[in-house]
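So in our numbering, the last spot in the sequence shown is 1451, and the numbers never skip.
Written out below as structure tokens is the structure these notes cover.
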Amino acid sequence: MHLLDSISVRLTIFLSIGIILAYHFNISLLFSAILCLLSIVFLGLQTILYPMKGNLLFLILFGFAGLSFGMLRTNISLPKNHPNHYSHRLHLEDQKIVLKINSKLKVQSQRQTFISEILRYADDQSTGKILLTIQGNPANNSIEIGDRILFMGKLEAINSPLNPGQFSYKKYMALKGVYHQAAVKSNSYINLKSVNPTSYHIENTRNNLLHTIDRLCFNERESGILKALLLGERNYIEQETFNAYKKAGALHLLAVSGLHIGIVLLLLKFVLSPLTYFQKGDAITTALIILILWFYAFLCGFTPSVIRAVSMFSFVAYAIYLKRVRNSFNFLGLSILFILAFLDPFLLFQVGFQLSYAAVVSIFWIYPKIYPIWKSRYIITTKLWQLIALSLAAQIGVFPLILFYFNEFPVHFLIVNIAIIPFLGIILGTGFLLLILASFNLFPSVLLQSYQILIWSMNEIILGLGKQKVFILKRIYLDGFGLVLLYLIIILIFHFYDRRSFFYLRLTGLFIILFQVWNSLSLFNKSKEQELLILHTPGKTTLLKKERRQPILYSSDTVVNLRLLDPILTSDRLKELRFKKLKNVYILKGKHLVLLNNLSFPINSNYKTHFLLLTNSPKINLNRYLDSLQPKVVIADGSNYNSYVKRWKTSCRNKNITFYATAERGAFAISSLD
778 MHLLDSISVR
788 LTIFLSIGII
798 LAYHFNISLL
808 FSAILCLLSI
818 VFLGLQTILY
828 PMKGNLLFLI
838 LFGFAGLSFG
848 MLRTNISLPK
858 NHPNHYSHRL
868 HLEDQKIVLK
878 INSKLKVQSQ
888 RQTFISEILR
898 YADDQSTGKI
908 LLTIQGNPAN
918 NSIEIGDRIL
928 FMGKLEAINS
938 PLNPGQFSYK
948 KYMALKGVYH
958 QAAVKSNSYI
968 NLKSVNPTSY
978 HIENTRNNLL
988 HTIDRLCFNE
998 RESGILKALL
1008 LGERNYIEQE
1018 TFNAYKKAGA
1028 LHLLAVSGLH
1038 IGIVLLLLKF
1048 VLSPLTYFQK
1058 GDAITTALII
1068 LILWFYAFLC
1078 GFTPSVIRAV
1088 SMFSFVAYAI
1098 YLKRVRNSFN
1108 FLGLSILFIL
1118 AFLDPFLLFQ
1128 VGFQLSYAAV
1138 VSIFWIYPKI
1148 YPIWKSRYII
1158 TTKLWQLIAL
1168 SLAAQIGVFP
1178 LILFYFNEFP
1188 VHFLIVNIAI
1198 IPFLGIILGT
1208 GFLLLILASF
1218 NLFPSVLLQS
1228 YQILIWSMNE
1238 IILGLGKQKV
1248 FILKRIYLDG
1258 FGLVLLYLII
1268 ILIFHFYDRR
1278 SFFYLRLTGL
1288 FIILFQVWNS
1298 LSLFNKSKEQ
1308 ELLILHTPGK
1318 TTLLKKERRQ
1328 PILYSSDTVV
1338 NLRLLDPILT
1348 SDRLKELRFK
1358 KLKNVYILKG
1368 KHLVLLNNLS
1378 FPINSNYKTH
1388 FLLLTNSPKI
1398 NLNRYLDSLQ
1408 PKVVIADGSN
1418 YNSYVKRWKT
1428 SCRNKNITFY
1438 ATAERGAFAI
1448 SSLD
């Protein structure tokens, strides 16, 4: 079956377009509702009056119905269309807030972070989700999922990134429907306890399983990995181990997603296979598998990756029951429709969602084309080639997205997949078996020791690969239009492979040339840009001069955080950095940027000072400098004390001079550099 032959896939495409339009453009709820209603009415009339005619008209009305429903579903989810949403009545002062704990994000030594649902705000019944941070030792704060928390506090917007190219936690949380945050000390709230016994019992079961893993006598590193593999709990993974998995391209192993749920489905089919010998055994087995999968999703915290994986494999389980596995694209489309239409339309914009479905679509479409290329007479080499073909198909589907979002690509993905994935079923199956046995205080020593060796070996392989920097291609820039072109090239290459048509060969070559031209134009435009960036680096002064792809870094410190600069260097196609010491004066088209620090600097009224940069909390009479230099803009970077910044802000306000603090507003950019 071809991808676009499926009605569910077509509807999914139109629905997704509607979600994208409503998210990026200000389309009203009323307009989308009217359009959706009219589309459905006309579609119904066309179907009744002309059931065998008007295929084009049907397709147009069908598309409009899906598109308008996508817009309507997105508008329903937006806070602005909920009259009781707390954001409509935010207060600057502390208010009484009652909220319910929905999920746990992070557990650190002196703080816990939760996603919480507001129940009451300022004595009014309210809706909406916020980020709640409990400050204090987690051991002293017994907070469970479903608990209600009462406290006096103020809601603040989640901070935007302070430097170009940095990860936007604000945008990331907005896609989860979280726009504000609150912090409360451990002794400043009242726990009203759980009102939902179901969520309490599920969370209690999850915590018991986490403690059971600790009882299996693993060391801290292996225990953290096992908690992530079996229950999707990554808070216990050591940072060094997490970074190694990331560099090795094996981070997907630490999130319960499609790969894990697929293996769990196969394990459940094997365990429950005796039921198929009874009357209606297939139906009972399928129902039990789907129920167990969703229970497992709740045990794993009901995260987006688990939701999409369980949704997809619930449809797969049903397809197996109907014996329609070959109709894979149809059930794939149905799973996406279910997630976007009934769970959360904003999952469409999450990177994990895009990567997951790109990999699955690629496996369904490309794997059948790659696998027949080579055949072996031996079962071992046949299984090995199946795994290689499967990994290649998945990576072909996701590598444009990886370049677009992460600007790097691990070329050793085949080594990781060949070395780990064949044993993942054994790792998961044995892990679940040990958890069940340990619940009855049974710890078979031989099985436990063998399992410990298996987990240790997996860690050592991935840690070793993560140290090999040569296997990672970095600083590869791909913009949105380049992403679309790259996917079109992949599609055309496989169309040519299928049909051996000279037309598709010419079309593929044309798009490859277009891709190269687009990249060259982008590089040429970036090379003409000249800019001076005053970055926000706490306790330091950092200036980045971008000129003709030859960046110069001026810094007050010899140790520079290259992770801060990598996104800028990648997106602007800049070459290796040159380092220079800070200067007191920078000339910008006849104007001066004057840098003031604790070192004495003579006042020169001849300077046409446009920008005045204050660094390292200089003990100066700012009013005197303002009167003499008469700057248009005063900038305070991250090396200054907050008390000084507040005082300078007041001085500038009194003299009607623009004041810019990088700690509040992020990096300051000055263009047209000489």
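Cβ coordinates follow ideal geometry from the N, Cα and C atoms, glycine included.
Quantities reported herein were computed from a predicted structural model and do not represent experimental measurements.
- Query: Buried or exposed: where does lysine 1352 fall if 16 or more other Cβ atoms within 10 Å of its Cβ makes it buried?
  - Reply: Flag for lysine 1352 reads exposed.
- Task: Verify whether the separation of the beta carbon atoms of cysteine 1077 and valine 1033 is less than 8 Å.
- Result: Taking 8 Å as the Cβ cut-off, cysteine 1077 and valine 1033 qualify as a contacting pair.
- Query: Which class does glutamate 1353 belong to by DSSP, given the choice of helix, strand or coil?
  - Reply: If DSSP states are grouped into helix, strand and coil, glutamate 1353 belongs with coil.
- Task: Using the Cα positions of alanine 1064 and alanine 1171, report the straight-line distance between them to the nearest angstrom.
- Result: Straight-line Cα distance between these residues: approximately 29 Å.
- Message: What does the Cβ neighbour count give for aspartate 1451, buried or exposed, with the cut at 16 atoms within 10 Å?
- Response: Confidence is the limiting factor: at aspartate 1451 the pLDDT is only 45, short of 50, which leaves the residue's position unreliable and the question unanswerable from this model.
- Message: For serine 1332 and histidine 1313, what's the separation of their Cα atoms in angstroms?
- Response: Roughly 12 Å between the two C-alpha positions.
- Boundaries of the alpha helix (DSSP H) in which phenylalanine 1280 is found, first to last residue: That run of the alpha helix (DSSP H) goes 1279 to 1305.
- Query: According to DSSP, is arginine 1401 helix, strand or coil?
  - Reply: If DSSP states are grouped into helix, strand and coil, arginine 1401 belongs with the helices.
- Message: Measuring straight from C-alpha to C-alpha, what distance separates isoleucine 1113 and isoleucine 874?
- Response: Cα to Cα, the separation comes out at about 36 Å.
- Task: Measure the alpha-carbon distance for leucine 1028 versus phenylalanine 1019 and round it to whole angstroms.
- Result: A direct Cα-to-Cα measurement between leucine 1028 and phenylalanine 1019 gives close to 8 Å.
- Coarse secondary structure for proline 1221, derived from DSSP in three states: In the structure shown, proline 1221 sits in coil (DSSP, three-state: anything other than H, G, I, E or B).
- Nearest CA to the CA of leucine 876: which residue from Ile920, Pro1081, Ser886? From the listed residues Ile920, Pro1081, Ser886, the smallest Cα separation to leucine 876 is found for Ile920.
- Message: Within 8 Å, do at least three Cβ pairs link the segment 816 to 829 to the segment 1134 to 1151?
- Response: In this structure the segment 1134 to 1151 does not lie against the segment 816 to 829, because fewer than three pairs of beta carbons, one per stretch, are closer than 8 Å.
- Message: Quick check on DSSP: helix, strand or coil for glutamine 902?
- Response: Strand, per DSSP.
- Message: Using a Cβ-Cβ cutoff of less than 7 Å, which residues in the same chain neighbour serine 845 once the five nearest sequence positions on both sides are dropped?
- Response: Around serine 845: Gly795, Ser809, Leu812, Cys813, Ser816.
- Query: Roughly how many whole angstroms lie between the Cα atoms of serine 937 and asparagine 1184?
  - Reply: The alpha-carbon atoms of serine 937 and asparagine 1184 are separated by roughly 21 Å.
- Around the Cβ of arginine 1276, are there at least 16 other Cβ atoms within 10 angstroms (buried) or fewer (exposed)? Exposed: under 16 other Cβ atoms inside 10 Å.
- Residues bridged to asparagine 968 by DSSP? Ile926, per the DSSP bridge assignment.
- For lysine 906, count neighbouring Cβ atoms within 10 angstroms of its own Cβ and tell me buried if that reaches 16, exposed if not. Per the 10 Å Cβ criterion, buried.
- Task: Identify every residue that forms a DSSP beta bridge with isoleucine 895.
- Result: Among the bridge pairs identified by DSSP, isoleucine 895 is matched with Leu876.
- Item | the segment 950 to 965 in contact with the segment 897 to 913 per 3-pair CB rule at 8 Å | Enough Cβ pairs lie closer than 8 Å, so yes.
- Query: Quick one: what does DSSP say serine 793 is sitting in, helix, strand or coil?
  - Reply: Serine 793: helix per DSSP, three-state reduction.
- Query: Assuming phenylalanine 1273 contacts leucine 1282 under a Cβ cut-off of 8 Å, what Cβ separation, rounded to an integer in Å, is found between them?
  - Reply: About 5 Å separates the two Cβ atoms, so the contact holds.
- Message: How far does the beta strand (DSSP E) with aspartate 958 in it extend, from its first residue to its last?
- Response: For clarity, residue 958 is glutamine in the given sequence; the question names aspartate instead. Its beta strand (DSSP E) spans residues 955 to 962.
- Is leucine 1390 closer than 8 Å to leucine 1370 when the C-beta atoms are compared? Going by C-beta atoms, leucine 1370 is nearer than 8 Å to leucine 1390.
- Task: Between the Cα of isoleucine 895 and those of Met950, Ala959, Leu849, Asn852, spot the shortest distance and give me the residue it belongs to.
- Result: Among Met950, Ala959, Leu849, Asn852, the Cα nearest to that of isoleucine 895 is on Ala959.
- Item | Nearest to glutamine 1307 (by Cα), restricted to the options Ile1329, Lys857, Leu1219 | Closest in C-alpha terms to glutamine 1307, from the list Ile1329, Lys857, Leu1219, comes Ile1329.
- Task: Would you grab the beta carbon distance between leucine 1084 and alanine 1074 for me? Rounded to a whole angstrom, and I think it's under 8 Å.
- Result: Here the sequence assigns isoleucine to residue 1084, which means leucine is not the residue at that position. About 6 Å separates the Cβ atoms of isoleucine 1084 and alanine 1074, confirming a contact at the 8 Å cut-off.
- Query: What whole-angstrom Cβ distance do serine 1168 and lysine 1317 have, given they're in contact under 8 Å?
  - Reply: For serine 1168 against lysine 1317, the beta-carbon gap comes to about 43 Å, at or over 8 Å, which does not count as contact.
- Message: Using C-beta distances below 6 Å, list every residue in its chain close to leucine 1373, excluding the 5 sequence neighbours before and after it, in chain order.
- Response: Listed in chain order, the non-local C-beta contacts of leucine 1373 below 6 Å within the same chain comprise Leu1391, Pro1395, local neighbours out to five positions each way being set aside.
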